Amino acid sequence: MNADCRPTLSLQRDAVGALAAMQAVFARDMKVAFRQRQDLLNPLLFFVMVVTLFPLGVSPEVSFLREAGAGILWVAALLSVLLSLDHLFRHDFDDGTLEQLVLQPQPLFLLVLAKTAAHWVLTGLPLVVLTPVLGVMVHLDGNSIGVLCLTLLIGTPVLSLIGSIGAALTLGLRSAGVLLSLLIIPLYIPVLIFGTGTVASAAEGAPVGAYVALMGAFLVLALTLAPFASAAALRISLSNG
Numbered sequence: 005m006n007a008d009c010r011p012t013l014s015l016q017r018d019a020v021g022a023l024a025a026m027q028a029v030f031a032r033d034m035k036v037a038f039r040q041r042q043d044l045l046n047p048l049l050f051f052v053m054v055v056t057l058f059p060l061g062v063s064p065e066v067s068f069l070r071e072a073g074a075g076i077l078w079v080a081a082l083l084s085v086l087l088s089l090d091h092l093f094r095h096d097f098d099d100g101t102l103e104q105l106v107l108q109p110q111p112l113f114l115l116v117l118a119k120t121a122a123h124w125v126l127t128g129l130p131l132v133v134l135t136p137v138l139g140v141m142v143h144l145d146g147n148s149i150g151v152l153c154l155t156l157l158i159g160t161p162v163l164s165l166i167g168s169i170g171a172a173l174t175l176g177l178r179s180a181g182v183l184l185s186l187l188i189i190p191l192y193i194p195v196l197i198f199g200t201g202t203v204a205s206a207a208e209g210a211p212v213g214a215y216v217a218l219m220g221a222f223l224v225l226a227l228t229l230a231p232f233a234s235a236a237a238l239r240i241s242l243s244n245g
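Our numbering numbers the first residue of the sequence shown as 5 and each following residue consecutively.
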């Protein structure tokens, strides 16, 4: 075989090996989540309860709910994702699986990305699916519901990616949930502002392309940087533990 072809074949094998490892981590997290259904259902029930109880506690007037509905759904989705972040690495840390992932020959940031993708599929995606029903409950019109679903579809992966950094940093600490909230919520604010702003612009009939482009930029930036930061934070947490 030509020596010039060997580096190319080696790179191809490494790429296939990394992809297979990501698929294995993703599939494992999905199976574990469906075995622990309570952890899977808690964020969804919390999301539904917050949106359902908010009109009862504040105001059931149609005009108010139509104006504040997007913000209610976005805040409820943000808190639901935040509620589930503590379990992103916790179970693997407790049973020693996380240490095995760190020792794998594949890049750790790719394995973290696979775990974050599984977290979004199990938490963020169901929130997007539930949004049309809850949007009708808060009297949003069809166009606003469609734009809201789009912003959540783009924004919830950003919440999971940013949240993975905080979950990795607070791994193994006491009162990790409180510390995680303090670290992550300030980073969530830009996504929340642009997510609700997009729906408000759509309700007023204004163009929303710029808002959607900015949220897409947030997603690309999070996909580019968050897995590296989470992988570094995991190594620090494991070395300190």
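C-beta: ideal position from N, C-alpha, C; glycine also. Fair warning: this is a prediction, and the values are worked out from it, not measured in the lab.
Check: Does the Cβ-Cβ distance between S243 and A172 come in under 8 Å?
Finding: no
Next item on the list: Could you tell me the boundaries of the alpha helix (DSSP H) in which V55 lies?
Entry: 41-61
Margin query: Residues in the same chain with beta-carbon distance under 6 Å from A22, minus the five sequence neighbours each way, listed in chain order, please.
Written below: Q110, L114
Notebook entry, point to check: Cα-Cα, which of L92, L86, F68, A74 is closest to A37?
Noted result: L92
Check: From which residue to which residue does the alpha helix (DSSP H) around P130 run?
Finding: 129-141
Margin query: For W78, which residues in the same chain have their Cβ closer than 7 Å to its Cβ, ignoring the five residues on either side in sequence?
Written below: L196, G199, T200
Margin query: Classify D99: buried if its beta carbon has 16 or more other beta carbons within 10 angstroms, exposed otherwise.
Written below: exposed
Margin query: Nearest by alpha-carbon distance to L218: which of G209, L186, I189, G159 is it?
Written below: G159
Check: When burial is assigned at 16 or more other CB atoms within 10 Å of the CB, is T228 buried or exposed?
Finding: exposed
Notebook entry, point to check: In whole angstroms, what is the alpha-carbon distance linking P136 and N147?
Noted result: 11 Å
Margin query: Less than 7 Å between C-beta atoms, sequence neighbours within five positions excluded: which residues of the same chain meet that for A233?
Written below: I169
Next item on the list: Pick helix, strand or coil for A1, following the three-state DSSP scheme.
Entry: Summary: the structure shown does not reach residue 1, with the chain confined to residues 5 through 245, and so no result is reported for it.
Margin query: With distance defined between alpha-carbon atoms, name the residue in R94, V151, L157 nearest to G209.
Written below: V151
Note to self: At 4 residues or longer, what runs of the alpha helix (DSSP H) sit wholly inside the region 85-109?
What the structure shows: 91-99, 101-107
Next item on the list: Would you mind giving the Cβ-Cβ distance between A81 and L156, rounded to the nearest angstrom? I have them listed as a contact below 8 Å.
Entry: 6 Å
Next item on the list: Could you tell me which of A230, M141, L117, S164 sits nearest to L280, measuring between CA atoms?
Entry: No statement about residue 280 is possible, as the shown extent of the chain runs from 5 to 245 and does not include it.
Margin query: I'd like to check one pair, F50 with L83: are the Cβ atoms closer than 8 Å?
Written below: yes
Next item on the list: Report back the beta-carbon spacing between T127 and V85 to the nearest angstrom; my notes put them in contact at under 8 Å.
Entry: 6 Å
Notebook entry, point to check: In chain order, which continuous runs of the alpha helix (DSSP H) of length 4 or greater are located wholly inside the region 153-224?
Noted result: 180-207
Notebook entry, point to check: Looking only at C-alpha atoms, which of Q104, Q40, A72, L117 sits nearest to M26?
Noted result: L117
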